[in-house]
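This report refers to the structure that appears directly beneath it.
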Amino acid sequence: MKIKCIAVDDEPLALELVSKFVEQTSFLSLEAKFDNAIQALGYLNDNQIDLVFLDIQMPDLSGMELARILDGKNLSKKPKIIFTTAYNQFAIEGYKVDALDYLLKPYSYEDFLKASTKAYQHYEKLSQANNESNSPNKTADYIFLKVEYQLVKVMLDQITHVEAYKDYVKVFLKGKPNPLLSLTSMKNMEELLPEGTFMRVHRSYIINLDHIESVARNVVNIGNVNITVSDMYKDKFMEFINKWI
């Protein structure tokens with residue numbers, strides 16, 4: 001999925017920086033860039049755009065004024081806004097116009113990516129909701145994980161198990177020698193992974209039940225990995241096992 005976006009900033013260096021960040025982000029597509037909000041407004045009236053990276057303090061028409069105009073328009077699909085500014089006093093005003101995020105200059109690519117990922121997740125949820133409404137019996141068979149500076153699509157049936165690793169999780173995939181390292185929590189992974197297929201069996205492990213090869217006492221074997229089922233999760237795991245005995 002590509003998110004169509006524009007960049008608006010009256011400072012040439014700032015405009016070039018945000019444009020550069022957009023172009024190096026795989027899920028963003030830079031459709032246009034403007035050094036004033038009036039031209040940007042004209043473009044938005046004639047083109048369908050998903051996301052606007054918008055400076056606040058600009059002559060003639062400020063970014064906040066542009067956001068209010070867009071918020072009041074009867075558009076079938078209003079673009080989301082990520083404000084970029086050197087002044088943090090506009091944060092509250094930004095949220096009043098339903099801004100997606102707020103980047104305080106000078107910001108790094110990591111900050112930019114974090115804000116952009118919010119936009120990706122927003123439109124991904126909309127896409128999934130539309131798919132579910134069209135096919136109510138179909139559930140998503142994949143998830144997206146943040147790996148370094150990108151979002152990686154991971155098929156659920158390829159995940160054998162997940163292991164906690166400091167502030168990260170290691171996601172092990174069938175046939176892949178090295179796991180994906182994602183900056184997230186085990187709790188978040190539990191929420192992402194469907195309960196009927198995945199089960200947490202230890203504070204540090206979530207397993208894909210379809211990939212179990214054998215069970216010996218309180219140890220689960222998946223490929224060449226042995227995972228201990230801790231006492232905290234033992235009863236729930238045994239309920240699953242007893243269904244097949």
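Using the UniProt record's numbering, read the sequence shown as starting at 1 and increasing by one per residue.
Where is the CB? At the ideal position from N, CA and C, for every residue including glycine.
- Query: In three-state terms, what does DSSP make of A99?
  - Reply: coil
- Message: For a cutoff of 8 Å on Cβ pairs, would you count L180 as touching chain D?
- Response: Looking for chain D here will not work: only one protein chain is present.
Exercise. Using a threshold of 8 Å, state whether the C-beta atoms of K114 and T85 are closer than that.
Key: no
Our contact map puts R203 next to A164 with C-beta atoms below 8 Å; I'd like the distance itself, whole angstroms only. 7 Å
Check your understanding: Alpha carbon to alpha carbon, what distance is there between V169 and M186?
Key -> 7 Å
So for Y142, helix, strand or coil by DSSP? strand
Q.
DSSP three-state label for T228, please.
A. strand
query = Among the residues of its own chain, which have a CB less than 8 Å from the CB of P12, if the five just before and after it don't count?
reply = D35
* Asked: Should D71 and G63 be called a contact, given that it needs their Cβ atoms to be closer than 8 Å?
  -> no
**Asked** Would you call the CB atoms of V215 and N226 closer than 8 Å?
**Response** Against a cut-off of 8 Å, the Cβ pair of N226 and V215 comes out as no contact.
*DSSP three-state call for V86: helix, strand or coil?*
Sequence inspection shows Ala at residue 86; the Val mentioned does not correspond to that position. Of the three classes helix, strand and coil, the one that applies to A86 here is coil, per DSSP.
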